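S.K.: Under this note's numbering, the first residue of the sequence shown is numbered 408, with each subsequent residue one higher.
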Amino acid sequence: MLRRMVKQKQIKSKQFSEYSGNFRFVAKKEAEKLL
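(1) What is the rounded straight-line gap between the Cα of residue 429 and the Cα of residue 409?
(2) Which residues in the same chain have their Cβ closer than 7 Å to the Cβ of residue 420, if we skip the five residues on either side of it in sequence?
(3) Can you tell me which of the three DSSP states residue 442 falls into?
(4) In whole angstroms, what is the alpha-carbon distance linking residue 412 and residue 426?
Here it is, written out as structure tokens:
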């Protein structure tokens, strides 16, 4: 039970880091458009 929760937490943090990476990439593109 506990082990499964830990695994889900790792998956969540991995998805979050990928999402924040994508967000940064998109923000960079938008900033280049504005310049």
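Cβ atoms here follow ideal geometry from the backbone N, Cα and C, with glycine treated the same way. The structure presented is a predicted model; accordingly, all values stated were derived computationally and were not measured.
M.R.: In this structure, then:
(1) Whole-angstrom Cα-Cα distance: 30 Å.
(2) In the same chain as residue 420, and ignoring 5 residues on each side of it, no C-beta atom comes closer than 7 Å to its own.
(3) Residue state for residue 442 is assigned as coil, using DSSP reduced to three classes.
(4) In a straight line, the C-alpha of residue 412 is about 21 Å away from that of residue 426.
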